[in-house]
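Below: one structure, written as structure tokens.
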Amino acid sequence: MTLQKILILYAGNSSFDADIIGFSIYDPTEKRRSTDVDTPMPYKSVLEAMKDGWRVIQVPTLQMKYGHETENDYLEFEFVLEKLVELENE
Amino acid sequence: MSKDSELLNVKQMAEFTANGFLRFDEVIPRELCEKFYDYLRDAKQKIYKKRGQLLWDTWEEGTPVYEFIRHPIVKGLIYSLVGRNPRYDHHFPHETRPGSRVQALHQDAEFDPRRTAFDIQISFFPQDTPKLLGGTRFLPSSHFRKVNESVIGRYQHIKGMVQCECKAGTVVVWHTDLWHGAQPNQSQDQIRYMFKLRLNPMERQQKLFDTTGYDSQEVRQILSKRFPWHGQSSRREEFMRARFWRELTGQYDFDLDMWNLRNEAIPTNRYFN
């Protein structure tokens, strides 16, 4: 069976080599994920994750916030990556 | 302590503006913590009081909460942030049992379009709360970002997030828009209790604290504090902080790095005046 792991990387700007400022991992093969607030970032940049075999499946949309130019809301630069894992037959 | 209440000073208010919360370690006496701990274990206390009434009328004399909100530090932070007669919104004795899962990151102030006015939440930890018991985690400086409650649930790790590991008697007061969530209780047999109280302001939140030195270099440094997770968006945070500070102090020409002043420079054409 092939399973999909999803890694979401939040970057400091829209560049693939910008510093990572946050991440989420959704891994169906994982038994327990770390919830520690000081869990280290898994990669320095999106590019580093790609070197490790992660495939980018979504890049952040760039947009102007007309009327809200001076405000922030969600994390702006969200990259979604995937890795497929083969499970051995049991 | 002889004073009835200890108003916040400008440095504390600047920290609140930059971080979105203030923490007061071990300020509530042990005896009151013990009374409070027993109160939190009583399931009846989860029932809301009459919502919308003034805070000072909400709990009867002799109850632990009556005593807690009148502690000079607690009373002072209430006066400084939401005024002398705030409204009781709701309270909740949080009970986190062993084996609990992590709570998704969220913001309590859903559907709240206010820009400068704000509610506060007071968290009181009446027992020692080490990492194992899983105190609340907060994302410092997230309070100016309106994200509509639970939409941010998929965010797991963000640089600079903190967990409230503390000793009994610790109080944290926070802006209602601060992103937060409960950490899992990983102990074998200990329940974690935390009392939360939300208050609405009933007067303009301006000059309610000790404003001496509101424009000092030290205050400006605190207000200009950078957070790694803001990335390239950090400058927009300064716009919002400066506008918030203007409202808190009533000094509408205050700014950081001229971010707002520059945008406000729209001269009228004198030829037609």
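Protein chains in written order, with numbering that gives the first Met the number 0: chain A, 0 to 89; chain V, 0 to 272. Backbone N, C-alpha and C fix where the C-beta goes; we use that ideal spot for every residue, glycine too.
Review point. Would V:H229 be called buried (16 or more neighbouring beta carbons within 10 Å of its own) or exposed?
Key: Locating residue 229 of chain V in the second sequence gives position 230, counting from the first residue. Buried.
Practice item. Could you check what DSSP says for V:H179 in three-state terms: helix, strand or coil? Key: In the second sequence, the residue the question calls residue 179 of chain V occupies position 180. In the structure shown, V:H179 sits in a strand (DSSP, three-state: E or B).
Exercise for review: Check each candidate in A:E77, A:D35 and A:P41 and name the one with the smallest Cα separation from V:C163.
Suggested key: Residue numbering aside, residue 163 of chain V sits at position 164 when the second sequence is read from its first letter. Answer by Cα proximity: A:D35.
**Study point:** Alpha carbon of V:E217 to alpha carbon of V:N8, nearest angstrom
**Key:** On the second sequence, residue 217 of chain V is found 218 positions in, with the first residue counted as 1. On the second sequence, residue 8 of chain V is found 9 positions in, with the first residue counted as 1. In a straight line, the C-alpha of V:E217 is about 12 Å away from that of V:N8.
Point to revise | V:A241 versus V:G159 - alpha carbon distance | key: Here the question's residue 241 of chain V lines up with position 242 in the second sequence. Here the question's residue 159 of chain V lines up with position 160 in the second sequence. Each residue's alpha carbon lies about 22 Å from the other.
Check your understanding: Using a C-beta cutoff of 7 Å, does V:K224 count as contacting chain A?
Key -> The residue labelled residue 224 of chain V in the question sits at position 225 within the second sequence. Answer no: the Cβ-Cβ gap between V:K224 and chain A never drops below 7 Å.
Point to revise | Counterpart residues of A:K50 in DSSP-defined beta bridges | key: Here residue 50 of chain A corresponds to residue number 51 of the first sequence, with the count starting at 1. None; A:K50 has no bridge partner.
Point to revise | Where the beta strand (DSSP E) containing V:D88 begins and where it ends | key: In the second sequence, counting from the first residue as 1, residue 88 of chain V sits at position 89. R86 to T95 is the extent of the beta strand (DSSP E) around V:D88.
Exercise for review: Report yes or no: do three or more beta-carbon pairs, one from the stretch 41 to 51 of chain V and one from the stretch 241 to 253 of chain V, lie closer than 8 Å?
Suggested key: no
Point to revise | Residue(s) in a DSSP beta bridge with V:N199 | key: Position 200 of the second sequence, counting from 1, holds the residue named residue 199 of chain V. V:R86.
Practice item. Taking only the alpha-carbon atoms, compute the straight-line gap between V:D41 and V:M193 and give it to the nearest angstrom. Key: Residue mapping note: residue 41 of chain V aligns to position 42 of the second sequence, counting from 1. Residue mapping note: residue 193 of chain V aligns to position 194 of the second sequence, counting from 1. Computed Cα separation, rounded: 13 Å.
Exercise for review: Please determine, among V:V81, V:W58 and V:S215, the residue with the shortest C-alpha to C-alpha distance to V:W173.
Suggested key: Along the second sequence, read from residue 1 onward, the residue named residue 173 of chain V stands at position 174. Comparing Cα positions, the closest option is V:V81.
**Study point:** Check whether A:V84 and A:L2 have beta carbons under 7 Å apart
**Key:** Within the first sequence, numbered from 1, the residue matching residue 84 of chain A stands at position 85. Within the first sequence, numbered from 1, the residue matching residue 2 of chain A stands at position 3. Their beta carbons are under 7 Å apart, which means A:V84 touches A:L2 by this criterion.
Point to revise | Contacts around V:P71, its chain only, beta-carbon distance under 7 Å, and the 5 residues preceding and following it disregarded | key: Here residue 71 of chain V refers to the residue found at position 72 when the second sequence is read from its first residue. Hits under 7 Å: M0, K2, D3, S4 and E5.
Review point. Along chain V, in chain order, which residues have C-beta atoms closer than 8 Å to that of A:D72?
Key: If you number the first sequence from 1, residue 72 of chain A lands on position 73. The answer, in chain order, is R144, K145 and V146.
**Study point:** Distance between V:S141 and V:W244 (C-alpha atoms, nearest Å)
**Key:** Numbered from its first residue, the second sequence carries residue 244 of chain V at position 245. Numbered from its first residue, the second sequence carries residue 141 of chain V at position 142. V:W244 and V:S141: Cα-Cα distance of roughly 16 Å.
Point to revise | Interface partners of A:T28 on chain D, CB under 9 Å | key: Any reference to chain D falls outside this structure, whose protein chains are A and V.
Practice item. Could you work out which residue in V:F117, V:R144, V:H93 and V:R113 is closest to V:L132 when comparing CA atoms only? Key: Translated into positions along the second sequence, residue 132 of chain V becomes position 133. Nearest C-alpha to V:L132: V:H93.
Exercise for review: Check distances from the C-beta atoms of the stretch 222 to 251 of chain V to those of chain A and list, in chain order, the residues that come in under 7 Å.
Suggested key: P227, W228, G230, Q231, S232, R235, E236, F238 and M239
Exercise for review: State yes or no: is the C-beta of A:A48 within less than 7 Å of the C-beta of A:L80?
Suggested key: To locate residue 48 of chain A, count along the first sequence from 1; it is residue 49. To locate residue 80 of chain A, count along the first sequence from 1; it is residue 81. In contact: A:A48 and A:L80 (Cβ atoms closer than 7 Å).
Practice item. Kindly indicate which three-state DSSP category V:Y213 falls into: helix, strand or coil? Key: In the second sequence, counting from the first residue as 1, residue 213 of chain V sits at position 214. In the structure shown, V:Y213 sits in coil (DSSP, three-state: anything other than H, G, I, E or B).
Review point. Comparing the C-beta of V:G155 with each C-beta of chain A, is any distance below 7 Å?
Key: As a working mapping, residue 155 of chain V is identified with position 156 in the second sequence. In the sequence on display, residue 155 of chain V carries Gln and not Gly. For V:Q155, the answer is yes, since a Cβ of chain A falls inside 7 Å of its Cβ.
Check your understanding: Three or more beta-carbon pairs under 8 Å between the stretch 149 to 157 of chain V and the stretch 17 to 26 of chain A, yes or no?
Key -> yes
**Study point:** According to DSSP, residues forming a beta bridge with A:Y25
**Key:** Position 26 of the first sequence, counted from the first residue, corresponds to residue 25 of chain A. In DSSP, A:Y25 forms a bridge with A:I5.
Point to revise | DSSP three-state assignment for V:C165, whether helix, strand or coil | key: Counting from one through the second sequence, the residue named residue 165 of chain V turns up at place 166. Here V:C165 sits in strand by DSSP.
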